[in-house]
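Peer 1:
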Amino acid sequence: MEIAFRILGRTRVRVDGEFVADWGKPKARAVLAVLLLNAGNAISVNTIAEWVWADRRPANLHSTVQTAITSVRAALQRTGVRFALRNEDRSYRLEIDPSLIDLHVFRKLVYRARAIGGTDHQAACELVEQALELWGDEPLADLEGELAARRREHLVRSYYLSASHALLYGLGKLGEYARMLDHLDEIPPEHDLEILLAKHRLTALYGLRRAQEALSYLVRIRRRIVTEIGDGSEAELNSLHERLRIRHEQSNATRSAGPRYLPHDVDVFVGREDLLAELDSLVAPGSAPRLITLDGQPGMGKTALAVHWAHRVQRRFPDGYWFASHVDGGEVVADLLVALGVPIEPIQSMPARVARLREELAPRRMLVVLDDVTGVEPLLPALSTSVVLVASRARMSDLVLRHRARAFTVLPLGNEEIARLLTTLLGDRAVVAPDVVAHLATRAGGMPLVMRLMAEQIAAQPDRSLADLVPMLSDGRTLLSLQDNGIRVQFELSYRALNPAQARLFRLFGLHPSHEVPLPVVAALAGLPVDQARVLADELVWKRLVDTVDGGRYRTHDLLREYAADRLAQDEPEQEREAAAVRLMSWYLHTVNNADRLVFGYRDEVPMLPLPDGVHPEEFAGEDDVARWIAKDKASIVGVLRGSPQPGYVWRIANGAGELFARYGHYEEVVAVMTAGAEAARINGDVHAETDTNSNLAHFFIERHDYAAAERLLERAQRVFGDRDDPETLAVLLRNKADCLRGASNVPRALELYQEALALAEGFEDTRSGILHRMGAACRVGGRLEEAAVHLVQGRLIRQRTGDYKGEADSLVELSWLARESGDDFSARTNCHEALARYTQAHHQPGRAAAMILLGLIARDNDDPALALTYATDALELCTGLDRELEARAHDLLGQLAWKAGEHDTSIEHLEQAYRAFRDIGDDRARSVAAQLDEHVAQSGPVLPSSRVEGSGAWFETGLLE
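Just so we're aligned: 530 in numbering that gives the first Met the number 0 is position 531 of the sequence shown, and the numbers increase by one with no gaps anywhere.
1. Below 8 Å, can you find three or more Cβ-Cβ pairs linking the region 890 to 905 to the region 861 to 879?
2. List in chain order: all unbroken alpha helix (DSSP H) runs of 4+ residues lying wholly within the region 427 to 515.
3. Got a sec, what are the start and stop residues for the beta strand (DSSP E) E17 sits in?
4. Where does the unbroken alpha helix (DSSP H) through D882 begin, and where does it stop?
5. Return the chain-ordered list of same chain residues with a C-beta closer than 8 Å to the C-beta of R9, the five sequence neighbours on each side being excluded.
6. Going straight from the alpha carbon of V155 to that of S62, what length do you get?
7. For R92, is the beta carbon positioned less than 6 Å from some heavy atom of the ligand MN?
8. Let me know if S972 comes out buried or exposed under the rule of 16 or more other beta-carbons within 10 Å of its beta-carbon.
9. Of the choices L729, V534 and R859, whose alpha-carbon is the least far from that of E755?
10. Could you check what DSSP says for R55 in three-state terms: helix, strand or coil?
11. Tell me whether the beta-carbon of L7 lies closer than 7 Å to the beta-carbon of P138.
12. Just the Cα atoms here: how many angstroms apart are R11 and F18?
13. Please go through the same chain and pick out, in chain order, the residues whose beta-carbon is closer than 6 Å to the beta-carbon of G726, but skip the five residues on each side of it.
14. I need the straight-line Cα distance from R723 to T690, nearest angstrom please.
15. For A165 versus T78, is the C-beta distance shorter than 7 Å?
16. Using only the alpha-carbon positions, how far apart do H310 and I629 sit?
17. Look up E94 in the DSSP assignment and say whether it is helix, strand or coil.
18. Have a look at G206, L274, L261 and F268 and flag the residue whose alpha-carbon is nearest the alpha-carbon of R242.
19. Can the beta-carbon of L439 be found closer than 7 Å to that of M453?
20. So K805 and G846 are in contact, right, with Cβ under 8 Å, and what is the actual spacing, rounded?
21. So for S975, helix, strand or coil by DSSP?
22. Would you check if the region 532 to 539 and the region 499 to 513 touch, i.e. whether three or more CB-CB distances between them fall below 8 Å?
23. Using CA coordinates, which residue listed in Y320, L853 and A848 is at the minimum distance from T829?
24. In whole angstroms, what is the alpha-carbon distance linking R254 and E212?
25. What is the rounded straight-line gap between the Cα of E143 and the Cα of R72?
26. Measure the beta-carbon distance from L791 to L752 and round it to whole angstroms, keeping in mind my assumption that it falls under 8 Å.
27. Determine the burial state of N40: buried for a count of at least 16 other Cβ atoms within 10 Å of its Cβ, exposed for fewer.
28. How about L420 and M450: are their beta carbons less than 7 Å apart?
29. Considering only C-alpha positions, which residue in the set D266, E710 and Y838 is nearest to V812?
30. Do S694 and A679 have their C-beta atoms closer together than 7 Å?
31. In or out: E94 buried (at least 16 other Cβ within 10 Å) or exposed?
32. Mapping the DSSP letters down to three states, classify A390 as helix, strand or coil.
33. If contact is defined by three or more beta carbon pairs under 8 Å, each pair taking one atom from either stretch, is the region 554 to 573 in contact with the region 641 to 651?
34. Please specify which runs of the beta strand (DSSP E), each continuous and at least 3 residues long, are wholly inside the region 341 to 398, giving them in chain order.
35. So what's V614 in DSSP terms, helix, strand or just coil?
36. Keeping to the same chain, check which residues put their C-beta closer than 6 Å to that of M774; ignore five residues upstream and five downstream.
This is the structure we're talking about:
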């Protein structure tokens, strides 16, 4: 079972496979930490206060704790794990599987390690390392005060340091002295004077034959123990050091020194722990000679990694170590022979020199690092007794297939590792600006070379703040244009090694704004059949200029894409650049249109532009395929529209994609593409397109209950359209204006507008069915039930005929409400279940939630609270974050059900949520929920819920509540 909760650091919860730290306010996170620390035990409100509000107890403690508990419960629900959070006589008990909590898993792993430590040191060390990986910077980091400090100290001493001692002991038994030092260096410096840690360091240093360093360390640490502790424990270190020194001198047999050359190690090296560990394992004492390859994109730090690792393991190679970079194989052979004292002048031919080098190295086991060396294969016979590490910008498949090399790819560093690198390089300037550092780390895209360039630019300008330098350092073109730019040099070397076809395709990647490009889009950019494009793109993968990801997609680093765009501008003829841009936009236009026709075939399609030769748009087998494609490619579509200078394509793609985004709940993308589409239509001078795009965006805002934004867009659309004569456009404008009129008092005016729109929509079936549906809904709200039934049935019949199954589901839900209000629960249920099937087919979660809420109300009214609770809970999960009105209605129903079940605290929590949601969208129903809250609070106790206290006096700007 995976860990779902972390308290050995900040209080984090796992949501959708990722740990989230900022899931709630600080006090809520602290409360959850207390509950997890005491999982299974009842914790009184007063005890919680001692942990969380040690400095200043809130005036209304129980209400404040209840608010935090509400947030905690919501966070627990988001994880999807089974739990029970009970309120027991002014105490709270969290019942949860302990194996979901990192502290429990830590204890269990260390216990298992101790049980086998005497017989299997390797397995024991692996278990303890797993445990220590769970440890954060500071346990219970969200808790403050004396109680937390005492518990934190206990955890550090009894758990962290104890586990560290066990690991260091086991590593010593295994002879893994370098790993001992690595772990010792990871232990916070406040524990430097721990006598056992000092003993472990001495043992590791002598194990690595670093006697002088061990002596230097002994002098320093002994002086500190005497002055800072004065307990006489330095005598233990003296005794241990003497034993280690004697053993070292006895085992230090003399041998002739071999060639020894490595460039300086980098001053700061972060990350790559797993890769370094794998490399270490290949050169364990007594291991056979190995051929190892490192490849990766330019700028990923392959050379730095190779040099760092060589320094890390050099003591395992007493016969010598050698580094060569950016030379050919002949120079490597000559340099090694000279270093071995062999005159090379008499040996003229390359084969003869290789044979002599092989003879010289036969009795030796050296480490040879070849960084971007050409002609490696002819050298390998001479290096057959050595460990050879070859680093290259391209994948070295020949060495893998013919010489059984062990291949590793150097991947981008994580953002946290990159941020740690910058912080270490810059010191205090970075420490005081963590948000800026995090932003720059993201911009570096995992490339250590980029981050080092950033660090150098910052360090060279000490009088400027990091925040002031962000605009320059965030711009890829600026980074690439800096003088003496190691990044551009690395990119140039890789680019110049491409053949013409590869270079052209690489340049064309610079046209796409996204870092991930699907294969069909790559083919469209190049104007090639998909199979040919795949071959070329895979060659770029082998050259490590792009990467592959699942789903037939190719990923480029942001800076490589910027560089590709530069090369495109310089090396590609203007006519071909323009043709490629047209092919790109055409692929998206026709792919979006194919999706639109499959989903919205009953509507008029967006006017299309011709499909150029060499472009093969995506085809879809069904709506499931469309929904998956939209979810995966939404960012690319938005990026393409925002970056394109071709307005005729932009507004067309926007209107097709916007409808698809809205259907599948990608609401931010709707606003992004429709806004870009409206502006593109304006630039293109297309009045009808600009009007329709603004009107469609207004309709989206109406669906989201943002009526003010909708009204502004409708005014703009009307102003642009003027007095032109287009019946369908006018009908849609009138329909949208009527949609903005809310409440029973506005029903007569809304119906007038709908009737006027209906007359204009004659012959336009989709528009007509939508107007009839809205007329039916308005009549129902106004109490005109017979008229409502006529309009709704007419609208549904049109939607059935045209194949609009999502629209038909909307009609069925409205008919269900009508049946319920007429006392026909059977028909209401039947219609709702049919609507659910249609909504599922359409991938429309808000619609499913609306139907479930109504089914929950019917179940409640028919004395089936368990079924009602299931429907309401499922509905809330479906609509959260997608529709605030549905959220409010689901919380309202859950609050009523909880109150009836005697769960008064839970009821008030849900009703507060319902009140907030109704208030946020300006819905009159907030008033009735507020009244219900007042009544429940009066019955349950004198404490007023915190949200009501905060909101009183300003609940509605419109003055609906006093």
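Note that CB positions come from ideal geometry on N, CA and C, so glycine has one too.
Peer 2: Result, derived from the coordinates:
1. yes
2. 427 to 430, 433 to 443, 447 to 458, 465 to 473, 475 to 480, 485 to 495 and 499 to 508
3. E17 to V19
4. D882 -> no alpha helix (DSSP H), and no H or E assigned at all.
5. A20, R28, G135, A140 and D141
6. 34 Å
7. With respect to the ligand MN, the structure shown offers nothing to examine, as it has no ligands at all.
8. Residue 972 lies beyond the residue range present for the chain, which begins at 0 and ends at 961; the question has no answer from this structure.
9. L729
10. coil
11. yes
12. 6 Å
13. Here the sequence assigns Pro to residue 726, which means Gly is not the residue at that position. Hits under 6 Å: L759.
14. 11 Å
15. no
16. 49 Å
17. strand
18. G206
19. yes
20. 7 Å
21. Outside the shown range of the chain, which is 0 to 961, sits residue 975, and nothing can be said about it.
22. yes
23. L853
24. The predicted position of R254 is uncertain, since its pLDDT is 42 and thus under 50; a value taken from the coordinates is nonetheless stated next. Distance between the alpha carbons of R254 and E212 is about 21 Å.
25. 22 Å
26. Not really, about 18 Å apart at Cβ, beyond 8 Å.
27. exposed
28. yes
29. Y838
30. no
31. exposed
32. strand
33. no
34. 366 to 370 and 386 to 391
35. coil
36. Y753 and H790
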